[in-house]
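Heads up, the sequence shown is in the working numbering, so the first residue is 1 and it goes up one at a time.
Glycine residues also receive a C-beta, built at the ideal position from the N, C-alpha and C atoms.
Quick notes on the structure that follows.
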Amino acid sequence: MRLSLIVLALSLALVGALVAALPAEAADDWSLAAFLKQESGWKGHGVGSSITETSTTHMPNMPNIPNMPSIPGMPKDGKMVSTTKTTLSKITKDGYVLAVETRSMGRTIKSTQTEKLAKNIKPKFTDGGEGTVKIGGTDYTCKIMVVANMKELMDGSLPSGGGGRGGMAPQMGKGKLYVHAKLGVLKMETTMSVMGQAGTMVQQTTKLAATHKIGEKTYAGREITTTVSFSMGTIKSSSVTSNALPIHSLKKVANSEMMGRKSKTVTEVSAYVKKPLAATTGGVPAKKPAKEPAK
């Protein structure tokens, strides 16, 4: 049972990582070039900008798991709520310094992270011919781009952990991108394994137009559906995704079933504050003017 919970946690992290890997150059740029550049969503934001995510996980069978240790703050109904606020605290030539505060089960965890200005991924693609992606009853003909190891496209976005067959770090296999001439990247698929459990992951656009409301403002994007399949179960996540905000997944609903046990997690952006750039050039602090020599 502990194995299934760990695989579940890592798989959900993988779903989030793949969504985070979506192109972020502009609100409507889903091209392969933008996908590979992976410019940070914090571009154009000033210090003090912030975004808050609220996540609710319901695992109704949790109290019945044999030998499950008691966790302080864990509700008896198996419903867990957490909030994570990420604030842009500094912009440097190397990236965006972020202050992250997570509150869950009565605890507050603070950390500092740095996000690159852009990743500029350069994988080695081979031609996979053509394929189709069905969206809303319409077939879109795409060029298939094949990469020997999907890890090349993730570029550090994967959850970390011990390597090897029994390690917690996901082992990625061959990956494919389905790229439409006008609509850009519409689908990704790959093989992978987590702690020796072989699986597959398929992520594709299921709606070309989707919206999510934050406060009084509505943001437009696409609906992205991700399916992770293992021998012990599956996870299916549907996300309203927009490249206009620092966190591209505006609302994500993930349903999982592992070894007969079901869970549902809803994660959505609940607050967003964008501060103007001040005394910066292209998202990087401008150089201070040289002092005039004394007369």
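Sequence-distant residues of its chain with Cβ nearer than 7 Å to residue i (five each side left out)
| i | result |
| --- | --- |
| K116 | S40, G95 |
| T191 | G173, K174, T200 |
| G129 | I144 |
| R125 | Note that residue 125 corresponds to Phe in the displayed sequence, not to Arg. Here the set comprises M145, V146, V147. |
| K275 | H45, G46, V47, G48, S49 |
| S242 | A27, Y219, A220, G221, H248, L250 |
Cβ neighbours of residue i in the same chain (closer than 8 Å, five flanking residues each side left out)
| i | result |
| --- | --- |
| S50 | K85, T86, T87, L88, A271, Y272, V273 |
| G184 | P23, D29, W30, S31, L32, A34, F35 |
| A278 | G46, V47 |
| V133 | D139, Y140, C142, Y178, H180, L186, K187, Q204, T205 |
| N149 | M172, G173, K174, G175 |
Segment limits, alpha helix (DSSP H) that includes residue i
| i | result |
| --- | --- |
| V150 | Val is not the amino acid found at residue 150; the sequence shown has Met there. Neither: M150 is in no alpha helix (DSSP H) and is coded neither H nor E. |
| K93 | It is not in any alpha helix (DSSP H) - K93 carries neither H nor E in the DSSP assignment. |
Chain-order list of residues whose beta-carbon lies under 6 Å from that of residue i (same chain, five-residue window excluded)
| i | result |
| --- | --- |
| A26 | Because A26 sits at a pLDDT of 41, beneath the cut-off of 50, its placement in the model cannot be relied upon, and the following sentence gives the value as read from the coordinates. If we look at A26 and ignore the five residues flanking it on each side, it has no Cβ neighbours. |
| T265 | T57, A254 |
| G283 | Residue placement at G283 is flagged as unreliable, the pLDDT there being 48, under the threshold of 50; the coordinate-derived value follows with that caveat. Cβ within range, chain order: K43. |
| E101 | K85, K110 |
| I214 | V269, Y272 |
| S239 | V19, I224, S249, K252 |
| M80 | T57 |
| R165 | Low per-residue confidence applies at R165: pLDDT is 41, beneath 50, and the placement is therefore not dependable, though the value from the model is reported in the following sentence. Closer than 6 Å at the Cβ level, and outside the excluded window around R165, lie G196. |
| S263 | M59, S256 |
| E104 | Checking the displayed sequence, the identity of residue 104 turns out to be Ser instead of Glu. Cβ neighbours of S104 beyond the five flanking positions: S82. |
| E152 | P123 |
| G131 | C142, I144, Y178 |
| S193 | Q171 |
Limits of the unbroken beta strand (DSSP E) element including residue i
| i | result |
| --- | --- |
| L208 | 197 to 214 |
| A318 | Residue 318 lies beyond the stretch modelled for the chain, which goes from 1 to 295, so this question has no answer here. |
| A34 | Taken as a continuous stretch (DSSP letters only), A34 belongs to no beta strand (DSSP E), being part of the alpha helix (DSSP H) at 32 to 37. |
| S300 | Given a span of 1 to 295 for the chain in the structure shown, any question on residue 300 remains unanswerable. |
Check: residue i C-beta below 8 Å from any heavy atom of the ligand FMN
| i | result |
| --- | --- |
| T191 | Here there are no bound small molecules, and the ligand FMN is not part of this structure. |
For residue i: DSSP bridge partner residues
| i | result |
| --- | --- |
| L177 | M145, M188 |
| Q171 | S193 |
| M80 | T57 |
| K217 | I214 |
| K85 | T52, E101 |
Could you say if the stretch 172 to 185 and the stretch 225 to 244 meet the contact criterion of at least three C-beta pairs nearer than 8 Å? no
Should the stretch 102 to 112 be called in touch with the stretch 120 to 137, which here means at least 3 C-beta pairs below 8 Å? no
Every unbroken beta strand (DSSP E) inside the stretch 109 to 148 [3 residues or more]: 125 to 135, 138 to 147
Entirely enclosed beta strand (DSSP E) segments - the stretch 228 to 260, minimum 3 residues: 233 to 241, 249 to 258
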